[in-house]
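Peer 1: Pasting a structure here, questions to come.
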Amino acid sequence: MSALRVRVLVSGHVQGVGYRWFVRGLAEGAGLAGWARNLPDGRVEVELEGPGDDVRAVVAALDGPGAPGRVTGVAQEDRPVQGGRGFTTA
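Quick note: the sequence shown uses the UniProt record's numbering, first residue 1, plus one each step.
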């Protein structure tokens, strides 16, 4: 299975509601590497890396019914695979 790395910008009311921890739980549960951090403009930036199907499944869940807050947009772009390990929140 080929690896995939994506950068995702999540818009809406996603800061101060545990959203980064929600993402971390999804990523760690899927065995993905990457990070999530709040941006000054109110969005959350996420990078995920791992098996392509697992990355796509987590991205699909970012605005799913279990997501905290209120997600109004999810923008994704592919990134070069870096071979990272672990998931952090900043």
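Yeah, the Cβ is synthetic: ideal placement off N, Cα and C, and Gly gets one too. On a predicted model such as this, the values are computed, not experimentally measured, just so you know.
DSSP three-state label for V81, please.
Peer 2: For the purposes of this step, residue 81 is taken as the residue at position 81 of the sequence shown. Coil, per DSSP.
Peer 1: Considering only the alpha carbon of each residue, which of P80, V10 and A75 lies closest to G52?
Peer 2: Position 52 of the sequence shown, counting from 1, holds the residue named residue 52. Checking every option, the nearest Cα to that of G52 belongs to P80.
Peer 1: Could you pull out every residue in the same chain whose Cβ sits closer than 7 Å to the Cβ of G69, ignoring the five residues on either side in sequence?
Peer 2: To locate residue 69, count along the sequence shown from 1; it is residue 69. Cβ neighbours of G69 beyond the five flanking positions: G12, H13, V14, V17 and Y19.
Peer 1: Mark R43 as exposed unless 16 or more other C-beta atoms lie within 10 angstroms of its C-beta, in which case mark it buried.
Peer 2: Here residue 43 corresponds to residue number 43 of the sequence shown, with the count starting at 1. With 16 or more other Cβ atoms inside 10 Å of its own Cβ, R43 counts as buried.
Peer 1: Using DSSP with H/G/I as helix, E/B as strand and the rest coil, what is G25?
Peer 2: Against the sequence shown, residue 25 aligns to sequence position 25. Looking at G25 - three-state DSSP - the assignment turns out to be helix.
Peer 1: Ignoring anything shorter than 3 residues or poking outside the segment 37-79, list the beta strand (DSSP E) runs there in chain order.
Peer 2: 44-51 and 70-79
Peer 1: Is A30 helix, strand or coil when you go by DSSP?
Peer 2: By 1-based counting over the sequence shown, the position of residue 30 is 30. Reduced to three states, the DSSP call for A30 is helix.
Peer 1: CB A90 to CB R24, shorter than 8 Å?
Peer 2: For this step, residue 90 is matched to residue 90 along the sequence shown. For this step, residue 24 is matched to residue 24 along the sequence shown. Cβ atoms of A90 and R24: not closer than 8 Å.
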